[in-house]
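Last residue of the sequence shown: number 106 in the numbering used here, and the count goes up by one each step with no gaps.
What follows is one structure encoded as structure tokens, with my remarks underneath.
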Amino acid sequence: MDILLVMCLGILVGRFLFPQKAKRWNEGASLLCTLVLIFSMGAMLGRKEGFLHQLLTLGAQSFLFFLIPTVLSIVVVYVLTRRFMKRPNQDKKEEEA
Numbered sequence: 010m011d012i013l014l015v016m017c018l019g020i021l022v023g024r025f026l027f028p029q030k031a032k033r034w035n036e037g038a039s040l041l042c043t044l045v046l047i048f049s050m051g052a053m054l055g056r057k058e059g060f061l062h063q064l065l066t067l068g069a070q071s072f073l074f075f076l077i078p079t080v081l082s083i084v085v086v087y088v089l090t091r092r093f094m095k096r097p098n099q100d101k102k103e104e105e106a
């Protein structure tokens, strides 16, 4: 969470306080810092014992947490759309009757 706050603060400082002339250098520095962050996080995770097992377990749980709400959302939107949305041809049929 701290990393996310620091990155958001950096975005705000870069947007509002950083001079426009230094924008190109700032973009390069940001990219370099992001690459170092990703590398260090990977190294930290690689040191953990049983990381692959934890990743598989967490991956299965994450997949279910993604799948169930997605499927239910699609079903709810489909049902509500069928119930409340009029079809384009339906207006013409009602006018002819």
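Glycine included, C-beta positions come from ideal geometry on N, C-alpha and C.
None of these values were measured; they are calculated from a predicted model.
Taking the alpha helix (DSSP H) that residue i falls in, what are its first and last residues?
i   : result
R91 : F60 to F93
Is residue i helix, strand or coil when you go by DSSP?
i   : result
F25 : helix
R33 : helix
M10 : coil
R96 : coil
Between the C-alpha atoms of residue i and residue j, what's the straight-line distance to the nearest angstrom?
i   : j   : result
T79 : K57 : 32 Å
G51 : V88 : 43 Å
C17 : P28 : 18 Å
T90 : P97 : 13 Å
A31 : G23 : 10 Å
S82 : F72 : 15 Å
M10 : R92 : 42 Å
For my contact list, residue i and residue j are in at a C-beta cut-off of 8 Å; report their separation, rounded to the angstrom.
i   : j   : result
L67 : F60 : Not really, about 10 Å apart at Cβ, beyond 8 Å.
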